[in-house]
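Residue numbers (this note's numbering), protein chains in the order written: chain F, 1426 to 1564; chain Y, 299 to 603; chain Z, 2 to 235; chain S, 427 to 994.
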């Protein structure tokens, strides 16, 4: 299935761009699981940490293009939350690169697979999340 | 030799060192210091010049130390943490060393509420242990705190105070050890009246080998009256005056004489105590009695450093 | 309010060394409001510690609890059943709260999760500035409502020093000169006369320099008789 | 908070105790509840065949709480939805999951289905196994991923709680238009033509509504429109008036309108702020040799055209962003001069010529007629003597040019006045220069952050008259649609748990829509009519006192756990 990656997607743009990618038949790694949020601003540091604790190899958050958020500044808030998680991941030694914020427009179906590619490449570089490996071993 | 001071040389030669105390005056007149120095010269190896003792404004310990030196008396300059931050402390140490002061006693200092400037702000940028750390580094590595290098480090023999009578008792030796670790060369203790407790403390000091690392001088205050004894028992924190001493002073026909006798007896006892390298005699407001005490204790003449 | 900020994660982890069961204890008051030690921060830190433990096979058990005010014994007492289960409490309150937790649970080690900084106020979302020096002898009526104790780097009482330039303090071009602000404020208020007078040396006894302070409002203190009477009723 | 007990943190203390503390548990972990139905869609060939829907069904049907799990051809069809309603009723289900195509496509339908089944419309969760599985992965990958997605949807669904769902109370279908010019007239006209009753509030007498004509609007057209609406029975004009207070929620606002004769409370269902900016007098104009574009137009109206003209479109203090109409205006006047006399020299100095849309044709025409363009970055230096000299650095040539000319035409700028007060009354923000800020300038240009309050006019952004007309009509249509609709809101809205709230103001400071406020109890509350459900406050609340329905911490946690915490 490839690396386990969670993508938190805002309903308006991130999720829509994945929908469009799907309808356009643009394939990407099946290890990517999307969690739909009303706005990327709903993302909580805790959600991302929970995903990593459960063993996610990478997490990305997708919001609308900057200055184009349906909720004015939700995507900027999300960017700050992602930065908070980056700092924590660095402190934990997991690597800040495992989490990233992306901004797309709803009609950019081609962007979604690129985002997945980018995150997959990062996991290849950083290696799998040790917590996922431990969890798999224990099961 | 770290400093070449007189008492350092005496300690090095294994001599039993005697120090006294000269209180700087509440005056800009140098004469009182000079007169005291002249009078006491030869009765002790060095004299502490207190630093605004009990937070009462007096002539500075540095100036007083220099006046003593002019009279041929070796000073031990005291420096409290109360009134200076680390900038002033380091600067004053450089100045003192430049003027020839070779002994410096690092102490926290009495809180200002006890003196005549109770409204003042205190500093305590450093505590006495940190002060020792900073000063020993200046001397040994020629560096101010931080990394900046000194062209010439201060030459100074570093003293510290120790109080075996404060609480918690079980920490008291550890605190001494910390001071030794921080760089203290010699220790002057709080005035001893409770000799039993002091012995217990010294036993612990010896068991940790601290007496091998630092020169411990026992502190003594000759009692002038039973009132003075009671005052020290009740009003001065960190002092223990046993009831036997008070009873003995009370029973005495001549309390002053009795006070001196107690002090002399204590010195005689301390001379036999392992790990004690000297005594520090503080005849508070009774400075002129020092020669008599030293003579009766058989500590004269004082050796040439 | 009291302003604090979380200690670096690595420092917290270092300080927790040797402990296995940890209660991360937050406070809903000042430190929650300054986004340092409320339930959210407790949750995030606890989850981070769990990940740290899993990654390093430490076997830590990390619990979370947040009380209304950690600076009051009655609230802290509520932690008792949880503290019993752990060998250490990581307090996310200010230094006051951490001390009260230790006082209430003298046999359990308390480790501070925050650095307590000052008494201040939010300038805007996410920015807090020190405002009060807590000197115990307020002079705001003389200084145009601006505290020179907290906001002047030198605690000066008689106007800006030579380091005041264009309204800024010499220590840092981002820091406003408190005395410039005082001057502007008194000017607006038409009370520059207050700056003409020399303020004499300050009495620092009501401040920290007089030793730790205790405020007694005797009308609120239960007398011994009252206490006995209440015990009798119990 | 009306979330059922257990869905959120467990409270340890009983009510007699002063403190509330939380058990050291991971928030949101609780026993799943409910009787869940799962409806899997074959979706013609676009799901079934591309993944093994039967194996997904087998996997899911054994999950705790799943009472019914069936595969259907098109659950979104009318027929299938009737079946779902029946299945829900017969099995006494209280929530359900649909697995098929994107929720963005089908969510609304299944909300209705939930309602028809007697459930709260938000008791449905949708797993996207089409766009995210069958269309993008191979059969085996798509099958196992679909299993995970449906499991995660079930996990989340089991924690769903009925979300607030308000049916509109449209108490007034009237629309308030508050304006000072052209867009107010056009918006009112549009509303009238759609049959809405309008209160037109103007700061001056309606007769002072005068208009500039260019950009293809027939002269007299707007005056006719003005007279038509002031005569209309549907319009009540409040001249010399201002709105002093504006409260309520969409469908039921109350405005306090004050005139010299006194104050009056007006009920309305929606409002339009139709504010026009006015020209900023330029301080740098100098006599008859340096004029504005408007003054140039009057000169040309008199049949005169100078031999040499330089048009400057950069503002002195702001060399970067020209207003929208600046270049269009310059291009059209340059063309007009060339039309009047092809021999005259016309030079346009600009940073970049921004000719929007069809104005690009004007640019081409100006070029073909021999208008010269100088690209620069800094505002040119103008010296006035007998003639005027313009010194400008030409970026293309990389040289400083000195141009002698007979006339310099400066573009003028606009700024809306008195908008600060309007902004305060309506709770809609303005920028530093006083322009109203729409919620989303590209996607929702006429929406303000206050639901039910719409924006139009040059007070939002500089625009051409024809654009003003379009925008005013759009704002009017939206306002009319709002007061005519069923007006439902709710679902993903935020709610504060007053017990946990520290009244720290973080939500109030961070909400883009001003929905949170401190209520009478001293704790934060959310004005549900203003909450747009973004969840920013939830992610920020330091006391974790806010939850967003449909996306609570517990629900998302369960979903994340199901998606990630599995062996692959």
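Even glycine gets a Cβ: it sits at the ideal position worked out from N, Cα and C.
Is residue i close to chain Y? Criterion is C-beta to C-beta, closer than 9 angstroms.
i, result
"residue 173 of chain Z", "no"
"residue 202 of chain Z", "yes"
"residue 211 of chain Z", "yes"
"residue 208 of chain Z", "yes"
"residue 129 of chain Z", "no"
"residue 231 of chain Z", "no"
Just checking: is the beta-carbon of residue i within a distance shorter than 9 angstroms of some beta-carbon in chain F?
i, result
"residue 435 of chain S", "Below a pLDDT of 50, predicted positions are generally treated as unreliable, and residue 435 of chain S, at 36, falls in that range; the measurement from the model is reported next regardless. Chain F, which has no Cβ nearer than 9 angstroms to the Cβ of residue 435 of chain S, makes this no."
"residue 979 of chain S", "yes"
"residue 995 of chain S", "Because chain S here runs from 427 to 994, residue 995 of chain S falls outside it and cannot be looked at."
"residue 547 of chain S", "no"
"residue 541 of chain S", "no"
"residue 113 of chain Z", "no"
"residue 38 of chain Z", "no"
"residue 563 of chain S", "yes"
"residue 528 of chain S", "yes"
Can you find the residues in the same chain that come closer than 7 angstroms, C-beta to C-beta, to residue i, ignoring five residues on each side of it along the sequence?
i, result
"residue 539 of chain Y", "491, 527, 530 and 531"
"residue 269 of chain Z", "As displayed, chain Z neither begins before 2 nor continues past 235, which places residue 269 of chain Z out of reach and without an answer."
"residue 1532 of chain F", "1445"
"residue 719 of chain S", "755, 756, 759, 835, 837 and 838"
Skipping 5 residues on each side, what residues in its chain have a beta carbon closer than 8 angstroms to that of residue i?
i, result
"residue 1453 of chain F", "1446, 1537, 1538, 1541 and 1542"
"residue 175 of chain Z", "169"
"residue 544 of chain Y", "524, 527, 528 and 531"
"residue 873 of chain S", "864, 865, 866, 880, 881 and 904"
To which residues of the same chain is residue i closer than 6 angstroms at the C-beta, ignoring the five residues directly before and after it?
i, result
"residue 584 of chain Y", "522"
"residue 895 of chain S", "612"
"residue 994 of chain S", "With a pLDDT of only 46 at residue 994 of chain S, under 50, the local geometry of the prediction cannot be trusted, and the value read off the model is given with reservation. For residue 994 of chain S, where only same-chain residues beyond five positions count, there are no Cβ hits under 6 angstroms."
"residue 306 of chain Y", "455"
"residue 690 of chain S", "683"
"residue 427 of chain S", "The predicted position of residue 427 of chain S is uncertain, since its pLDDT is 34 and thus under 50; no value can be drawn from it."
Please check if any C-beta of chain S sits within less than 9 angstroms of the C-beta of residue i.
i, result
"residue 30 of chain Z", "yes"
"residue 125 of chain Z", "yes"
"residue 1426 of chain F", "yes"
"residue 1391 of chain F", "Since the first and last residues shown for chain F are 1426 and 1564, residue 1391 of chain F lies out of range."
"residue 33 of chain Z", "yes"
Does any CB atom of chain Z fall closer than 9 angstroms to the CB of residue i?
i, result
"residue 419 of chain Y", "yes"
"residue 935 of chain S", "yes"
"residue 971 of chain S", "yes"
"residue 930 of chain S", "yes"
"residue 1619 of chain F", "Past the boundaries of the shown model lies residue 1619 of chain F; chain F is included only from 1426 to 1564, so the question cannot be answered."
"residue 926 of chain S", "yes"
Query raised in the report: the region 1468 to 1497 of chain F: which residues have C-beta closer than 9 angstroms to a C-beta of chain Z, in chain order?
Result: Along the region 1468 to 1497 of chain F, going in chain order, the ones with a CB nearer than 9 angstroms to a CB of chain Z are 1469, 1470, 1471, 1474, 1475, 1477 and 1478.
Query raised in the report: Using 8 angstroms as the threshold, is the region 40 to 58 of chain Z in touch with the region 1505 to 1524 of chain F, meaning 3 or more CB pairs across them?
Result: Contact between the region 40 to 58 of chain Z and the region 1505 to 1524 of chain F is present: 3 or more CB-CB pairs across the two stretches fall below 8 angstroms.
Query - the region 762 to 779 of chain S touching the region 855 to 868 of chain S, judged by at least three CB pairs closer than 8 angstroms - result: As far as the Cβ criterion goes, the region 762 to 779 of chain S does not touch the region 855 to 868 of chain S, which means the pair count is below three.
**Report entry** chain S contacts made by the region 138 to 171 of chain Z, where a contact means CB separation under 8 angstroms
**Finding:** Interface annotation for the region 138 to 171 of chain Z against chain S: empty, criterion Cβ-Cβ distance under 8 angstroms.
Query raised in the report: Using Cβ-Cβ distances below 8 angstroms, what residues of the region 47 to 66 of chain Z are close to chain Y?
Result: Result list empty, no residue passes.
Query - Chain-ordered residues of the region 853 to 868 of chain S with a beta carbon less than 9 angstroms from chain F - result: Residues are counted here when their Cβ sits less than 9 angstroms from a Cβ of chain F; for the region 853 to 868 of chain S these are 863, 865, 866, 867 and 868, given in chain order.
Requested in this report: Scan the region 851 to 894 of chain S and note each continuous beta strand (DSSP E) run of 3 residues or more that stays entirely inside, going in chain order.
Outcome: Positions of the beta strand (DSSP E) runs, each at least 3 residues long and wholly inside the region 851 to 894 of chain S, are given as 879 to 882 in order along the chain.
Query raised in the report: Does the region 900 to 910 of chain S come within contact of the region 595 to 604 of chain S, defined as at least 3 CB pairs closer than 8 angstroms?
Result: The count of Cβ pairs closer than 8 angstroms, one atom from the region 900 to 910 of chain S and one from the region 595 to 604 of chain S, reaches three, so the stretches are in contact.
Query - Interfacial residues, the region 949 to 967 of chain S to chain F, with Cβ spacing under 8 angstroms - result: Answer in chain order: 958, 959, 960, 961, 962, 964, 965 and 966.
Query raised in the report: Which residues, in order along the region 583 to 607 of chain S, keep a beta-carbon less than 7 angstroms from a beta-carbon of chain Z?
Result: From the region 583 to 607 of chain S, no residue has a Cβ closer than 7 angstroms to chain Z.
**Report entry** Inside the region 308 to 371 of chain Y only - beta strand (DSSP E) runs reaching at least 3 residues
**Finding:** Taken in chain order, the whole beta strand (DSSP E) runs of length 3 or more contained in the region 308 to 371 of chain Y are 315 to 320 and 344 to 347.
Query raised in the report: Do three or more CB pairs link the region 495 to 508 of chain Y to the region 541 to 555 of chain Y at distances below 8 angstroms?
Result: By the Cβ test, the region 495 to 508 of chain Y is not in contact with the region 541 to 555 of chain Y, since fewer than three Cβ pairs between them sit closer than 8 angstroms.
Query raised in the report: Looking at chain Z, which residues of the region 572 to 588 of chain Y have a Cβ within less than 8 angstroms of any of its Cβ atoms?
Result: If you check each beta-carbon in the region 572 to 588 of chain Y against every beta-carbon of chain Z, none falls closer than 8 angstroms.
Query raised in the report: In the region 392 to 413 of chain Y, which residues sit with their C-beta less than 9 angstroms from some C-beta in chain Z, listed in chain order?
Result: Correct list: 409, 410 and 411.
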